Each structure stands twice: as C-alpha cells, then as structure tokens.
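J.:
Residue numbers (my numbering): 274 to 624.
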C-alpha cells in the first residue's frame, strides 16, 4: 500500500511540475478560402467532411507537430486554442503564431521583404463558459489597423467551379492553366478569379463544402507586393499579424493588449480562450498565385503565468452594489442585477 501511495504522489508531483503546454492544443474550426494549396494542405480525401478536415488541421499544427495548413485566399480562417487560457501579462508579448514567412537579402533593394503573407489575428473569451468559440471576437489591432488603405467591413463571396467548367488558359503565361477557375465578387463592386496554376492542378474550392458559395467577412489589408529586379517580393507589415515576420523574429510575437472592439475602441482582457487567424490580403502575383496565410503552430510565451487581479476579484471585493458605474482596468463598467456590463451593453462578468 505504501508503494501505491508513493507512486500516486509521484504522479501528482509530475503533473504539477509539467504545467500548461506552451503549444496550441485544439483546432475548433478550419475553413480556408479557395487557393492553390487548398485540398492538399491538409489533404482532402473522398468522403471527408468539415470535422474530418478540422481533425487533420489539428493533427498538423497542434502539440508542436510542425506540420502546416493553408488558409487559402482572403478570408480563409482557422480557430484554435490551448489547454489553458492565454494570460495577458503586463508589459510583455503574450503568444506567437508560427508560419513560413521569410526575408530575402539576395535581391538588391528588397531588404526586409521576401515572402510575407500576413493574417489578421482575433481573440475571444469564453464568457458563456461552454468551451466553444461562440462569444464575441476582438481583433488585435496591428500596424495597419488605422491605415486609410485598409478596408474594414470587407466581404468576398467565392463560387464553386462548375463540374462542366472549361479551363481558360493564359496563352502568354502557360503556367496559368485556368484564368477563370474560381469566380469571386466583393462588396466594393469588385470581381475576379482565383487563377489555377500548373504547379497545383487540384480543385481550389474546398471539396468538403456542400454549398455552392463561400462568403467571408473581415478586414482587407493593403497589397504588400513589389516587383524588384525580376523577382516578386512580399513585404512584412510592422507588427501585429500572423505569417508576417519569420518565427525567429520578435516582431512575430503578439500582444493581447492590442485587442479592440468592433468599433475600434481598445479594451483590457485578462486572458483569452480562443484565437482566430484569417488571410488578410486579396492579391495574385504571377507564378506565386494568390497570397495565402500559412500556419504551422502557435506558442504561449508564458504558459504558467497567473492572471493579475481582474474583474472577478475587484467586483467581489468592492462592487456588491447595483446601478454603479466603475472604472476597472481602464474600462468603464456598469453594475446591475449582479452583472457587469460595458457601455455597449455586453456582459463581461456575472457574480
């Protein structure tokens, strides 16, 4: 019996010492927009449904597997989380999303550029405590959030390529084997096609989707490409995006304090439970095809950090009152009916 208790004690001690994993653990949703790596990264097989593809995406990027998934053209996204909330540590960056961005120094005049395909990052808190990413989302306001060329409230609809579709090859650039492969329209009066390239001949529309159209909404960042010395170069933005700087660069790290509400006003989040990334560029560049954000993992930069005194402690200690207005962590809250609301009427805490 003594040996059993000793063994159990050791197992408990090992569990405590192990702490939280720094690597993303769960993929909750995976829905790419049409693109040249869709249906291959991860690979679609006949009969796969949305959950099968979600599981394949999770297998590729969870637990530091170092595989890779593609989000396709503008708007395509993935939603993931860790085995714990990512804590907002004051004065520090909080997490990093790993991609395949790189710089090039081989092309004169392209310093700082290379292949950078930024994705916008959003975060959410499990306010209804159901373990699902169905609460309000907040964008991390990266360097281009206030750029006048960034289009907020952008929307694109992609149409499935018909089974009887006849390819329209480019007679001058023979690697463009179908210039009318996936038709798209946006809410700015624009339309065009995702071009199929000879390097990737599979269908570009996600094959597990039953609907004839896919619509995505979000923000579109300004184009980031240039043609320098006979080479296409994709430049990074200053900060705040996934797959935007090489993983070894500190500028690839992200800070929860950059979170903003839908109207652009900042807010303080003690921790976040869910993270969403979507392709933020809507551009096609020669042999590189459409720009698509790639993800190969994510890391919590301080997985065992503890939350600072937050809303729960402050409200329980000082705010057992009704119809009170308080400033907590720089945020105006209205207390009524044993709940705290922000000025927009969103419930942020129940005590």
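For every residue, glycine included, the Cβ atom is placed at its ideal position computed from N, Cα and C. In this text the structure is predicted, and so the values were computed from the model without any measurement.
Below 8 Å between beta carbons: does that hold for residue 392 and residue 566?
T.: Here residue 392 corresponds to residue number 119 of the chain shown, with the count starting at 1. Here residue 566 corresponds to residue number 293 of the chain shown, with the count starting at 1. Going by C-beta atoms, residue 392 is nearer than 8 Å to residue 566.
J.: Can you list, in chain order, the residues of its chain with a C-beta nearer than 8 Å to that of residue 441? Leave out the 5 residues immediately preceding and following it.
T.: Looking up residue 441 in the chain shown gives position 168. Only 451, 452 and 453 meet the Cβ criterion.
J.: Let me check understanding here. Comparing Cα to Cα, which of 296, 559, 531 and 576 lies closest to residue 472?
T.: On the chain shown, position 199 is the one that residue 472 refers to. Residue 472 has its Cα closest to that of 559, out of 296, 559, 531 and 576.
J.: Can we say the stretch 402 to 411 touches the stretch 320 to 328, given the rule of at least three CB pairs closer than 8 Å?
T.: These segments do not touch.
J.: Helix, strand or coil, according to DSSP, for residue 499 in the structure here?
T.: As a first step, residue 499 must be located in the chain shown, where it is residue number 226. The answer is strand: DSSP assigns residue 499 an E or B state.
J.: Specify the secondary structure class of residue 574 as computed by DSSP and reduced to three states.
T.: Counting from 1 along the chain shown, the entry for residue 574 is found at position 301. Coil, per DSSP.
J.: Flag residue 403 as yes when its Cβ comes closer than 7 Å to any non-hydrogen atom of the ligand GDP, and as no otherwise.
T.: Summarising the ligand content, the structure contains no ligands, and the ligand GDP is consequently not present.
J.: Cβ of residue 470 within 8 Å of Cβ of residue 309?
T.: Counting from one through the chain shown, the residue named residue 470 turns up at place 197. Counting from one through the chain shown, the residue named residue 309 turns up at place 36. Yes, Cβ-Cβ distance for residue 470 and residue 309 is below 8 Å.
J.: I'd like the span of the alpha helix (DSSP H) that includes residue 492, first residue to last.
T.: On the chain shown, residue 492 is found 219 positions in, with the first residue counted as 1. Run containing residue 492: none in the alpha helix (DSSP H); it sits in the beta strand (DSSP E), 486 to 493.
J.: Quick check: residue 553 and residue 514, are their CB atoms within less than 8 Å of each other?
T.: The residue you call residue 553 lines up with position 280 of the chain shown. The residue you call residue 514 lines up with position 241 of the chain shown. In contact: residue 553 and residue 514 (Cβ atoms closer than 8 Å).
J.: Measure the CB-CB distance between residue 353 and residue 300 and report whether it falls below 8 Å.
T.: Indexing the chain shown from 1 puts residue 353 at position 80. Indexing the chain shown from 1 puts residue 300 at position 27. Cβ distance < 8 Å, so residue 353 and residue 300 count as in contact.
J.: So, under 8 Å CB-CB, residue 369 and residue 571 are touching, yes? Tell me the CB distance rounded to an integer number of Å.
T.: Mapped onto the chain shown, residue 369 falls at position 96. Mapped onto the chain shown, residue 571 falls at position 298. Right, the Cβ-Cβ distance comes to about 7 Å (below 8 Å), so this counts as a contact.
J.: Quick one, which of 402, 468 and 333 has its alpha-carbon nearest residue 371's?
T.: In the chain shown, the residue the question calls residue 371 occupies position 98. Measuring from the Cα of residue 371, the nearest candidate turns out to be 333.
J.: On the three-state DSSP scale, how would you describe residue 387?
T.: Here residue 387 refers to the residue found at position 114 of the chain shown. DSSP places residue 387 in strand when its eight states are reduced to three.
J.: Determine the closest residue to residue 435 out of 345, 522, 485 and 425, with distance taken between C-alpha atoms.
T.: By one-based count along the chain shown, residue 435 stands at place 162. Checked all of 345, 522, 485 and 425; the closest Cα to residue 435 is 485.
J.: Write down the C-beta distance between residue 550 and residue 351 rounded to the nearest angstrom, noting that I regard them as a contact closer than 8 Å.
T.: As a first step, residue 550 must be located in the chain shown, where it is residue number 277. As a first step, residue 351 must be located in the chain shown, where it is residue number 78. Contact holds; Cβ gap of about 6 Å.
J.: Provide the residue span of the alpha helix (DSSP H) that contains residue 474, from first to last.
T.: Here residue 474 refers to the residue found at position 201 when the chain shown is read from its first residue. Neither: residue 474 is in no alpha helix (DSSP H) and is coded neither H nor E.
J.: My understanding is that residue 459 touches residue 433, with C-beta atoms under 8 Å, so please give their C-beta distance in whole angstroms.
T.: What you label residue 459 is simply residue 186 of the chain shown in a count that begins at 1. What you label residue 433 is simply residue 160 of the chain shown in a count that begins at 1. So it is not a contact: roughly 17 Å between Cβ atoms.
J.: What's the C-alpha gap between residue 305 and residue 317?
T.: Sequence index remark: in the chain shown, residue 305 carries index 32 (1-based). Sequence index remark: in the chain shown, residue 317 carries index 44 (1-based). Cα-Cα distance, rounded: 12 Å.
J.: Note down the Cα distance separating residue 404 from residue 546, rounded to an integer number of angstroms.
T.: Counted from its first residue, the chain shown places residue 404 at position 131. Counted from its first residue, the chain shown places residue 546 at position 273. If you take the alpha carbons of residue 404 and residue 546, they lie about 9 Å apart.
J.: By the DSSP assignment, the beta strand (DSSP E) with residue 449 in it spans what residues?
T.: Reading the chain shown from its first residue, position 176 is the one you call residue 449. Residues 449 to 459.
J.: Going by Cα to Cα distance, which pick from 477, 421, 320 and 548 is closest to residue 356?
T.: As a working note, residue 356 is residue 83 in the chain shown. When each option's Cα is compared against that of residue 356, the closest is 548.
J.: Taking the alpha carbon of residue 482 as the point to measure from, which residue in 293, 463 and 311 has its own alpha carbon closest?
T.: Numbered from its first residue, the chain shown carries residue 482 at position 209. Residue 311 is the option with its Cα nearest to residue 482.
J.: Going by CA-CA distance only, name the one from 478, 417 and 534 that's closest to residue 496.
T.: On the chain shown, position 223 is the one that residue 496 refers to. For the residues 478, 417 and 534, the minimum Cα distance to residue 496 belongs to 417.
J.: Between which two residues does the alpha helix (DSSP H) carrying residue 334 extend?
T.: To locate residue 334, count along the chain shown from 1; it is residue 61. First-last of the alpha helix (DSSP H) with residue 334: 323 to 334.
J.: So is residue 573 buried or exposed if we call it buried at 16+ other beta carbons inside 10 Å?
T.: Residue numbering aside, residue 573 sits at position 300 when the chain shown is read from its first letter. Buried is the call here.
J.: Which one or two residues does DSSP pair with residue 392 in a beta bridge?
T.: Walking along the chain shown from the start, residue 392 turns up at place 119. Beta-bridge pairing links residue 392 to 515 and 552.
J.: Only counting the same chain, and skipping five residues up and downstream in sequence, which positions put a Cβ closer than 7 Å to that of residue 366?
T.: Along the chain shown, one-based indexing puts residue 366 at 93. Correct list, in chain order: 526, 527, 528 and 574.
J.: Rounded to the nearest angstrom, what separates residue 449 and residue 468 at their Cα positions?
T.: Locating residue 449 in the chain shown gives position 176, where the first residue counts as 1. Locating residue 468 in the chain shown gives position 195, where the first residue counts as 1. Spanning the two alpha carbons is a distance of roughly 7 Å.
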